[in-house]
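Here the protein sequences line up with chains A and B, keeping their order. Position 376 of the first sequence, counting from 1, maps to 385 under the numbering used here, and the rest follow consecutively. Position 168 of the second sequence, counting from 1, maps to 176 under the numbering used here, and the rest follow consecutively. All C-beta atoms, glycine included, are put in the ideal place defined by N, C-alpha and C. Here's the structure, in structure tokens; my notes come after.
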Amino acid sequence: MERDNHQGEAQGVHISEPPSESSLPADTLVTSLSLLGNHMFPDAGEKQEEINSTADKEEPAELQQSDVALKEHSVAEPHSNQLKRLETEEAETSVDLNNVSTQSTDREKEDTAMDNDQSDSGEFVVTMLAKAKLEEQGIGVKGRSSPLLEAGTQESPAFMSHRDEDVTAESWRQHRKHVFVLSEAGKPIYSRYGSEEALSSTMGVMMALVSFVQSGDNIIRSVYSEEHTVVFLQKGPLVLVCVSSSRQSEEQLRGELLYVYYQIVSMLTQASISRIFEHKKNYDLRRLLAGSEKILDGLLNLVDSDPSFLLAAVHCLPLACSLRDSLSQILQKAITPNLVFSILIAKNQLLTIVQEKTVIEDTRLEPADVHLLLNLIGASSAFQAGEIWTPICLPLFNPDCYFYAYISYLDPPECTVCLLLLSTDKEAFYAVAECKRKIEEAMAAQNSLSLIAKAQSYSVSQVGVSDLRHFMYKPFDVPDNYRQLTQFTSPEMEAPYTSEEEKMRLLDLYRFMHSRIHSTSRPLKLIYHVAERETLLAWVTSKFELYTCFSPLVTKACAITAITKLLRWIKKEEDRLFIRYPPKYSTTPNPSKSSRGGKSDQQDTTDNGYLSLL
Amino acid sequence: MPEVSKMKKPDVKVVLLGDMNVGKTSLLHRYTERKFRDTISTVGGAFFLKQWGPYNISIWDTAGREQFHGLGSMYCRGAAAVILTYDVTNWQSLAELEERFLSLTDTANHDCIYAVVGNKADLIDPKAQMFQDSGGEPEDRTELEKDRTEPQVLSSCPTPPASPASPSGMILHKPVTHEDAVALYGRILRYKGLEEKSSLPAEKMCFETSAKTGYNVDTLFETLFDLVLPSILRKRNENQASPTVDLEECRGKRARTSCC
Ligand SMILES: Nc1nc2c(ncn2[C@@H]2O[C@H](COP(=O)(O)OP(=O)(O)OP(=O)(O)O)[C@@H](O)[C@H]2O)c(=O)[nH]1
Ligand SMILES: [Mg+2]
């Protein structure tokens, strides 16, 4: 009975059912930018500060009741509060959508084409489209080829061939998440799917929107339609756009765009990107990024399928503490001047990271940088037999400098165990390769490879709670020497989450819970959510963030006992599940230096000669 | 950093250069693994070791993308042979060799040898297309194919590539003739200030290959390896005088890593 009750409630917020369904008719357009319920905010720092429109101001008042209730949340009583919350939430969502157009009218008084009326919104897009076409004509003539814009006349370069999608086809529009990157001058830089034709008009519209809003000293942040959320992110001279039907929150989508931006920075550095565009506003960045599409494609696939990105934490392979320690020691001993990070990876998960002492003194490696590295390795698997030496920038560590990455597999031909050594010295290849020889030798002596081969992720059944199907647990820093990489642990996805669709469905549920927990307007501490086929409980405290998935029949009391049990189990297994106390080494004779932020003389700030190409 | 005495450098260095997508990685993969499979555009450079008789030959497969242009001269430093690769179906890729890649070889050895290699010959030459790479006895097959005819070339128009903004982008993808490659080889020698007479002849150093079928791939690498032998011997003699490099240890190690 209780359960039925929940289910009724749950449907209202089930993510596959847009709350706006009946409130606004869709106004479809080639670009899928069908409805311009613009959220336009002044050019300011954080989102919270920017929400100053009428609609948004009303929200807190309206929701005060549930917010107050939530503050008193305890594990013992999430249920009734949750019910209240869900109701309010639903009401709020539609309010939000209804207010959108009003808000636009208020904020866009400069332009009359922009109105709160449906048909006028459509007209606006058409106007923008025309603008876009004009801009395009201006851009298309200069510079080297822009394969996207000159589609009609020029045979596509071979690197375009793997994205020959018919963009007029419904299937193109059906993609769950489109991502576009363009330059401020409107030049297409990257598109996740599809080909020229639609891209030029779509990107044209987007750029027109962006520059139009900019001209009014505002920043366009998002556009909502019945089916799509369009999120914009401007970073320096680059504009990133996501058109998503995934029902993720704007913040989540913007976070994903930020990963795309960082991946581009990791290849070119932020300094080079700015310099290039300072030099030549309509530079075709595809020239430099050509061939990197697969790296960006791979990143976006990972973002969709790997919760590490959502949680901004790294997932390490569970390993007996003694084995992990011995591997760390091996890395710690194989060093050479200017080596700063030694990372061992198996099955695309971290085994251990060892860091140079002074580098880490005032900072730590950010999860996002690790994600970018792992993605790069995944994308370079084609040449597993060789030893790779490539420049790479870790944008969160220092967006303007290059490291030189040595990448080599230790177990050919299987190629599951990968060694990644980062040096600040461009010329250090042979010295770094020699470190690999040492590591190989030591690992052979300790039979490490066969021990690593046995390591695997764990089953949720090990926790011993029958109704628990899956979970994600991310501990926060414990003071002092625990200060390290943010990590999370999660068991293998098992039945019923074995098919790709089911896995994605569970991840979508987690994303939904995550967006509620991290809502900028009303962050929550605890959510008990009864979905159609499972029950989820998300809980955030000062010590951890936890997402759990139970079978639908679980009772509230049962779920709470289960979580207590789970937390106890994690505590017991902690040494195996996480990299703890990562060891350090010292390779610099002068330990006072640190390369964070400032340009240490150890790091390479050269631009690899791009400027000579301009 | 030559003072790091344990650094074990291989005997000789061969570098693959050329625009992205011409098939450098595919060529090397065909040679070492005897397979043609999907590749991902190379990042930076990839280092491979090949044992050739008693010698260790290092091969650098570099990225053709402009993003990594600045690294090219580093990969070329001290090279004994440079394989300048283009795509026979893409005129621009040949032009890029001269415009973008030739200057990177300034850091190569003064006696470095140059090969001009037109890959993807299977797309224009039936002989290359029909070629079958029998993993077991590749040499015999290559011998049989030696009496190759000139590829049937569709056009011999010598016009340089038009600007990309031209209405017909087709020019960029005009096939490259063998004569074009030979002419480029001549210009390379001139650039290097080398006498045509005392240098290796163009007929010997201009190859047309197919990583897809394996056509001429072994011939290319093995011809080059044989040609760099004198360079190896000279280097070994120099090193024998130097106490910092332990050649015995070096050889023992490398033998394990290399494949046949
Ligand atoms: N038909 C044909 N296609 C080839 C041949 N060699 C390579 N290709 C194709 O050309 C594309 C590029 O090959 P790669 O070997 O990755 O090119 P690359 O020169 O290493 O490119 P970068 O690493 O980006 O510099 C791939 O799609 C290959 O399948 C060939 O001999 N014949
Ligand atoms: Mg390659």
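- By the rule of a C-beta closer than 7 Å to any heavy atom of ligand 2, the residues picked out are B:LYS32, B:THR33, B:THR47, B:SER49, B:THR50, B:ASP69, B:ALA71, B:GLY72.
- Of all residues in the stretch 71–91 of chain B, the ones placed with a Cβ closer than 7 Å to any Cβ belonging to chain A are ARG73, GLU74, GLN75, PHE76, HIS77, GLY78, LEU79, MET82, in chain order.
- By the Cβ neighbour-count rule, ASP175 (chain A) is exposed, with fewer than 16 other Cβ atoms within 10 Å of its own.
- Around the beta carbon of MET138 (chain B), a 10 Å sphere encloses fewer than 16 other beta carbons of the protein chains shown; the residue is thus reported as exposed.
- Under a criterion of Cβ atoms nearer than 7 Å, no residue of chain A is adjacent to VAL96 (chain B); the nearest Cβ is some 13 Å distant.
- SER66 (chain B) is bridged by DSSP to B:LYS21, B:LEU57.
- For a Cβ distance threshold of 7 Å, residue set GLU74 of chain B lies close to ARG296 (chain A), ordered along the chain.
- Scanning chain A for C-beta atoms nearer than 8 Å to the C-beta of PHE55 (chain B) yields GLY395, GLU396, ILE397, TRP398, PHE438, ALA442, reported in chain order.
- Taking CB atoms only, ASP226 (chain B) has no neighbour in chain A less than 8 Å away.
- By the neighbour-count criterion, in which 16 or more other beta carbons inside 10 Å mark a residue as buried, SER337 (chain A) falls on the buried side.
- 8 Å or more divides the Cβ of SER475 (chain A) from the Cβ of GLU501 (chain A).
- Secondary structure remark: continuous alpha helix (DSSP H) runs of at least 4 residues inside the stretch 339–371 of chain A, in chain order: 366–370.
- In the structure shown, ARG478 (chain A) adopts extended strand secondary structure according to DSSP, grouped into three states.
- Linking LYS356 (chain A) to ASP315 (chain A) through their CA atoms gives a straight-line distance of about 14 Å.
- Within the stretch 540–559 of chain A, no residue places its CB atom closer than 9 Å to a CB of chain B.
- Nearest to SER111 (chain B) by alpha-carbon distance, out of B:LYS243, B:LEU197, B:GLU204, is B:LEU197.
- Shown here, PRO408 (chain A) sits in coil according to DSSP, grouped into three states, outside any helix or strand.
- Under the DSSP assignment, THR33 (chain B) falls in the alpha helix (DSSP H) whose first and last residues are 32–41.
- B:ASP46 is the residue among B:VAL20, B:VAL30, B:ASP46 whose C-alpha sits nearest the C-alpha of SER389 (chain A).
- With respect to chain A, the C-beta atom of ASP188 (chain B) has no partner C-beta closer than 8 Å.
- In the structure shown, GLU543 (chain A) falls within a coil segment according to DSSP collapsed to helix, strand and coil.
- Between ALA87 (chain B) and ASN64 (chain B), the gap from beta carbon to beta carbon reaches 8 Å or more.
- Against GLY300 (chain A), the close residues of chain B are MET28, SER49, ARG73, in the order they occur along the chain (beta-carbon pairs closer than 7 Å).
- In this structure LYS435 (chain A) is in contact with TYR413 (chain A), their Cβ atoms being roughly 6 Å apart against a cut-off of 8 Å.
- By the 16-neighbour rule on beta-carbons within 10 angstroms, PHE438 (chain A) is buried.
- For GLY61 (chain B), there are no C-beta contacts with chain A under 7 Å, since the nearest C-beta of that chain is about 20 Å from it.
- A direct Cα-to-Cα measurement between ASN310 (chain A) and GLY61 (chain B) gives close to 45 Å.
- Partner residues in the beta bridge of ILE121 (chain B), as assigned by DSSP, are B:ALA89.
- The Cβ of GLY31 (chain B) sits no closer than 8 Å to any Cβ of chain A.
- From the beta-carbon of ALA388 (chain A), the residues of chain B found nearer than 7 Å are ILE48.
- Take CYS251 (chain A), set aside five residues on each side of it, and the residues of its chain with a beta-carbon closer than 6 Å to its own are VAL188, VAL240, LEU262, LEU266, in chain order.
- The shortest CA-to-CA distance from SER459 (chain A) to any of A:LEU535, A:GLU582, A:LEU328, A:LEU575 is the one to A:LEU328.
- The beta-carbon distance between LEU24 (chain B) and THR97 (chain B), rounded to whole angstroms, is 19 Å. This is too long to meet the 8 Å contact definition.
- Using a Cβ-Cβ cut-off of 8 Å, LYS303 (chain A) is close to ILE48, SER49 of chain B, given in chain order.
- HIS288 (chain A) counts as exposed, since fewer than 16 other C-beta atoms from the protein chains shown sit within 10 angstroms of its C-beta.
- For HIS187 (chain A), the enclosing beta strand (DSSP E) has its first and last residue at 186–192.
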